[in-house]
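So the protein lines, in turn, are chains Y and S.
Residue 77 in our numbering sits at position 77 of the first sequence; the count goes up by one each step and never skips.
Residue 304 in our numbering sits at position 304 of the second sequence; the count goes up by one each step and never skips.
Beta carbons are placed, not taken as given, at the ideal position from N, Cα and C, and that holds for glycine.
Protein chains: 2
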Amino acid sequence: MKLSQLFTKTSKASPAEAESVNAQLLARAGFVYQQMAGVYNYLPLGLRVLKKIQHIVREEMDALGGQELLMPTLTSEADYKKTGRDTIDVLFRTEGHSKSALVLNPSHEEVVTPLVQKFVFSYNDLPTAVYQIQTKFRNEPRAKSGLLRGREFMMKDMYSFHTSEDDLNTFYERALERYHKVYTRLGLGDLTVVASASGGMFTKDISHEFQTLCPIGEDTIYLCEKCNKAVNQEISMDHARCPQCGASPMVEKKSIEVGNIFKLKTKYTSAFDFKYKDETGITHPVIMGCYGIGISRLMGALVEVFHDDKGMIWPESVAPFKVHLMALGNDESARAKTDELYETLTRAGVEALYDDRVKASTGEKLSDADLIGIPYRVIVSPKTLAENAVEIKKRDEKEARLASFAHCVSELM
Amino acid sequence: MKLSQLFTKTSKASPAEAESVNAQLLARAGFVYQQMAGVYNYLPLGLRVLKKIQHIVREEMDALGGQELLMPTLTSEADYKKTGRDTIDVLFRTEGHSKSALVLNPSHEEVVTPLVQKFVFSYNDLPTAVYQIQTKFRNEPRAKSGLLRGREFMMKDMYSFHTSEDDLNTFYERALERYHKVYTRLGLGDLTVVASASGGMFTKDISHEFQTLCPIGEDTIYLCEKCNKAVNQEISMDHARCPQCGASPMVEKKSIEVGNIFKLKTKYTSAFDFKYKDETGITHPVIMGCYGIGISRLMGALVEVFHDDKGMIWPESVAPFKVHLMALGNDESARAKTDELYETLTRAGVEALYDDRVKASTGEKLSDADLIGIPYRVIVSPKTLAENAVEIKKRDEKEARLASFAHCVSELM
């Protein structure tokens with residue numbers, strides 16, 4: 001894509017309302033635009049990142065055997081009365097036809113349980129797992145952390161249904177593994193640990209959270225440096241000894257919750273009387289699990305983890321483009337060579353953002369490239385052309401180096 | 001995909017609440033599940049169709065130079081007061097933090113206008129066009145036509161911004177052409193005409209609707225059979241003479257509105273005081289257009305247009321799969337050959353739905369294939385194997401024919 005055709009512009013100043021680093025950098029680089037606290041517009045560069053995160057999550061959920069569907073935002077409050085969740089305080093409410101009381105779903109247990117129940121009758125139909133990537137609504141009291149705490153946000157939520165707790169446990173372990181793969185592919189693998197936590201608004205049982213270590217995180221966990229398991233401070237202030245392996249003491253860390261999984265068991269299936277028939281015709285309650293990943297929150301978390309004082313540093317797997325290309329020096333031959341390089345890369349399927357602005361200064365082009373944070377910066381200038389070369393610099397490295405045109409193309413393919 | 005792994009099931013009976021053919025067939029085949037009137041769950045087969053419609057629309061909007069973004073559902077009512085749209089009767093409303101009055105966007109003029117204004121200052125920044133594929137909310141009084149009239153529905157909405165009405169007109173004509181391409185790719189080209197209509201909730205000026213001729217359509221248009229242009233009955237009951245070409249009389253037709261485009265001009269840009277500076281530094285109001293396509297409505301329209309008494313008949317461009325594969329006769333060698341064919345097709349990138357159910361009868365398999373409506377049905381049975389062949393039948397043709405294994409694969413690639 002040519003930068004001159006992008007309608008967004010970068011900005012040196014952060015919007016007044018942006019209090020967190022992720023909100024500041026994403027807004028300054030034109031990735032997002034805040035509609036109100038906790039509600040964002042995703043602009044072209046930001047939407048590209050979101051789609052790449054979605055793609056990774058979708059691949060891993062498909063590999064787990066999840067079937068993708070899409071559930072609605074609007075649901076009758078009556079369904080929430082059945083589960084007791086009509087009293088949770090973050091619900092957005094609206095009125096439908098004939099003044100009917102509706103809820104904007106904060107998650108989809110009240111939708112998915114009766115939905116799957118319509119199709120699942122016997123042990124032959126189980127286990128099954130469905131997921132969606134969809135917008136959630138939660139009227140959070142505080143929403144000052146940019147994309148880390150949204151009132152309207154994008155989430156992947158998966159729900160699994162089983163004949164027994166054993167079968168749920170097996171699937172749950174497989175889901176844990178797939179979640180680790182997601183964070184590894186996002187570049188967060190080494191920083192992301194599993195923490196025991198409360199069930200929050202979903203269940204009274206313990207849940208497991210995926211926590212990415214980060215000093216600005218809203219969560220506090222106790223991490224065992226021996227077994228790498230953690231406990232969320234909300235369920236235990238005692239960190240003298242790791243409950244998993246017995247090592248002591250655990251270390252207090254700040255972290256961002258980037259996923260959570262729950263063994264819901266029969267909490268929701270009982271509320272909807274969702275049962276299955278076993279081999280002998282006897283009915284049993286269906287056993288259920290749920291598995292969330294905050295897609296838009298992950299975009300914020302990636303910025304909090306990967307940035308420096310100049311801007312964002314996107315992992316290649318989710319960067320809006322792989323290459324940030326520019327000609328410097330307002331030189332005709334440099335511009336022609338850059339045009340050619342852009343064409344070559346684009347034809348080869350390498351995603352390049354070409355800063356083709358005529359009026360932008362060298363300083364503006366360089367600082368925009370640092371702010372936007374695309375992994376490879378490639379510069380063509382009279383100086384590099386004199387050496388029959390282009391300059392390549394990775395965003396996360398200090399030094400640039402020269403490479404021939406052909407080398408540059410083959411390295412970026 | 002193997003049918004045995006799909007959690008949905010077909011049903012012989014329509015749900016009681018399904019009054020329209022599209023709601024009945026889509027529900028019976030397990031493509032959708034109604035949450036409440038006008039609000040649907042899109043199940044795996046239905047979501048595949050939606051994604052293919054999205055893909056076609058996205059390609060054409062990208063070709064038009066549209067930049068994709070994603071705007072939110074929640075917006076302050078204050079923005080609707082600025083445009084006067086706070087009084088339209090289909091608004092869903094909710095309350096945010098500190099009892100603030102919020103609207104669930106029925107379209108996005110009140111969001112996109114101040115958003116683009118943040119980045120566009122001068123004639124150098126224009127024209128520009130942005131679009132999204134996103135969920136809209138309209139509390140329609142009647143929602144009894146399945147996917148044709150949703151209270152929560154998926155829409156592509158594009159907004160363009162210009163320095164002059166001439167420039168808007170040029171873009172508008174290009175958008176018209178791209179819209180025709182969309183309907184042609186969906187198989188609706190011959191049935192879809194452009195009708196002059198009112199501006200509805202968007203503007204007081206005339207708009208243009210894309211109307212797909214269909215006896216159950218909610219709209220009535222007068223079509224000129226000479227120039228193929230139409231007029232919506234809502235703006236003129238006079239159909240003695242075509243206002244475009246003068247031919248007479250025009251023919252009354254029922255139709256489904258599958259897209260509409262509006263020259264909004266300065267209605268919204270004035271409300272937000274969105275101006276640009278020309279070459280001489282003088283400011284002028286920005287001129288605006290908007291362009292909608294109902295993605296989920298198109299899924300319903302396709303079913304209304306393409307079905308018979310046995311089920312749906314999907315155009316190949318949006319069918320959930322290209323091939324519906326089955327072994328008949330519970331024969332081991334037929335099953336093995338079908339397994340092999342499924343593997344071959346899948347490896348070749350041909351999307352196949354394989355009815356591998358062991359307990360389903362021949363009758364069930366055949367009637368499910370007709371109901372689901374995938375373009376090619378391929379049957380392997382002891383009878384076809386005796387001729388060293390498979391049976392191929394297109395959903396929209398009466399006669400099946402035999403083809404060798406190799407021929408079958410090459411035809412379907």
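Span separating the alpha-carbon of residue i from that of residue j
i: Val350(Y); j: Leu341(Y); result: 11 Å
i: Ala230(S); j: Val258(S); result: 14 Å
i: Pro44(Y); j: Arg48(S); result: 24 Å
i: Ala197(Y); j: Lys322(Y); result: 37 Å
i: Asp331(S); j: Ala386(S); result: 12 Å
i: Gly329(S); j: Leu298(S); result: 38 Å
i: Gly84(S); j: Thr94(S); result: 18 Å
i: Pro15(Y); j: Ala27(Y); result: 7 Å
i: Ser164(Y); j: Ile287(Y); result: 6 Å
i: Glu304(S); j: Ser296(S); result: 13 Å
i: Ser255(S); j: Lys393(S); result: 31 Å
i: Met61(Y); j: Tyr123(Y); result: 23 Å
i: Leu70(S); j: Met312(Y); result: 21 Å
i: Leu402(Y); j: Thr212(Y); result: 36 Å
i: Tyr179(S); j: Asp190(Y); result: 48 Å
i: Val130(Y); j: Pro243(S); result: 53 Å
i: Arg395(S); j: Asp278(Y); result: 38 Å
Residues near residue i by beta carbon distance below 7 Å, same chain, minus five either side
i: Tyr42(Y); result: Val32 and Leu50
i: Arg35(S); result: Per the sequence shown, residue 35(S) should be read as Gln rather than Arg. Contacts found: Asn41.
i: Glu252(S); result: Thr220, Tyr222 and His239
i: Asp370(Y); result: Lys310 and Gly311
i: Met413(S); result: Ala348 and Val350
Cβ-based neighbour list, residue i, same chain, cut-off 6 Å, excluding 5 preceding and 5 following
i: Asp79(S); result: Glu110
i: Trp314(S); result: Gly373
i: Ala247(Y); result: Cys224 and Lys226
i: Ala143(S); result: Ala37, Gly38, Arg149 and Arg151
i: Gly300(S); result: Asn22, Gly146, Leu147 and Leu148
i: Ile133(S); result: Gln54 and Lys156
i: Asp355(Y); result: Leu3, Met326 and Lys365
i: Glu411(Y); result: none
i: Ser381(Y); result: Leu328, Gly329 and Ala334
Chain-order list of residues whose beta-carbon lies under 8 Å from that of residue i (same chain, five-residue window excluded)
i: Ala175(S); result: Leu64, Met158, Ser160, Ile261, Gly289 and Tyr291
i: Thr135(S); result: Thr73, Glu152, Phe153, Met154 and Met155
i: Thr128(Y); result: Gln67, Val116, Val120, Ser160 and Phe161
i: Pro114(Y); result: Asp79, Phe272 and Phe274
i: Arg241(S); result: Ala247, Ser248, Pro249 and Met250
Residues that residue i contacts on chain Y, provided the C-beta gap is smaller than 8 Å
i: Thr94(S); result: Phe92, Arg93, Thr94 and Leu104
i: Tyr40(S); result: Pro72
i: Val251(S); result: In chain order: nothing, as chain Y lies at least about 35 Å away.
i: Val111(S); result: Gln35 and Asn41
Residue i: contacting residues in chain Y (beta-carbon distance under 7 Å)
i: Tyr33(S); result: Leu115 and Lys118
i: Leu366(S); result: Going along chain Y, no residue has its Cβ under 7 Å from Leu366(S), so there is no contact; the nearest lies around 21 Å.
Beta-carbon neighbours of residue i, restricted to chain Y and to distances below 9 Å
i: Met36(S); result: Pro72, Leu74, Thr75, Ser76, Gly96, His97, Ser100 and Leu102
i: Asn139(S); result: Thr94, Glu95, Gly96 and His97
i: Glu152(S); result: Pro72, Thr73 and Leu74
Chain S contact residues for residue i, given Cβ-Cβ distances below 9 Å
i: Leu43(Y); result: Gln67, Leu69, Leu70, Leu115, Phe119 and Val130
Closer than 8 Å at the beta carbon, the chain S residues around residue i
i: Val286(Y); result: The contacting residues do not exist; Val286(Y) stays about 12 Å from chain S at best.
Under 7 Å from the C-beta of residue i: neighbouring residues of chain S
i: Thr203(Y); result: Going along chain S, no residue has its Cβ under 7 Å from Thr203(Y), so there is no contact; the nearest lies around 23 Å.
Contact list for the region 115 to 128 of chain Y against chain A, Cβ threshold 8 Å: As a matter of chain content, chain A is missing from the structure shown, whose protein chains are Y and S.
Near-chain S residues of the region 4 to 31 of chain Y (beta-carbon distance less than 8 Å), N- to C-terminal order: Gln5, Leu6, Phe7, Thr8, Lys9 and Gly30
May I ask you to list, following chain order, the residues of the region 47 to 73 of chain Y that have a beta carbon less than 7 Å from some beta carbon of chain S? Leu47, Gln67, Glu68, Leu69, Leu70, Met71, Pro72 and Thr73
Tell me, please, whether the region 173 to 189 of chain S touches the region 331 to 340 of chain S by the rule of three or more beta-carbon pairs shorter than 8 Å. no
Closer than 8 Å is the cut-off here; do at least three beta carbon pairs connect the region 113 to 133 of chain S with the region 3 to 14 of chain Y? yes
I want to know whether the region 200 to 214 of chain Y touches the region 260 to 279 of chain Y - three or more CB-CB distances under 8 Å. yes
Interface residues of the region 290 to 311 of chain S facing chain Y [CB-CB below 7 Å]: none
Anything in the region 316 to 350 of chain Y with a Cβ closer than 8 Å to a Cβ of chain S? List those residues in chain order, please. none
Of the residues that make up the region 257 to 282 of chain S, which ones have a beta carbon closer than 8 Å to any beta carbon in chain Y? none
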